[in-house]
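In what follows, a structure is listed as structure tokens, so that the remarks can point back to it.
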Amino acid sequence: MTDSVSSHSVGRFLTLADTAEILNIPAAEALELVRGGELPAIRIGTRGAWRVERIVLESYIEARYEEARRMSLWQQSDFANIPEISGSTIIRPDPSDKT
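For the record, in the sequence shown the residue sitting at position 69 is 69 according to UniProt numbering, with numbers rising by one throughout.
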């Protein structure tokens, strides 16, 4: 699949080679994603060739972006979420209380 080919002209289902090209990974890695259950796919035909539905691949990509966004926010925040968890109240020890 080349850049000049629109996603609609490819059809509903992609081969693992097309999937790998879109993700810019080796075909063997795309097969690992499918066999590991991370990327849903179906087997088609008498030889059981794997096919990934285009919309499923798009959802997979969006989910990876969301995962990366959340991880980035988590890494930037340190303990920024503590006020949310504690009901917007931060309890600090009293420096005069020497227990």
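Just so you know, even glycine gets a beta-carbon here, dropped at the ideal spot from N, CA and C. Quick caveat, the model's predicted, so the values are computed rather than measured.
In the DSSP assignment, Trp50 is bridged to Arg43. The segment 51-62 makes contact with the segment 9-18, as at least three CB pairs between them are under 8 Å. Cβ contact annotation for Leu31 (same chain, cutoff 8 Å, sequence separation greater than five): Leu16 and Trp50, in chain order. The secondary-structure analysis by DSSP pairs Leu14 across a beta bridge with Val52. Secondary structure of Ile61 (DSSP, three-state): helix.
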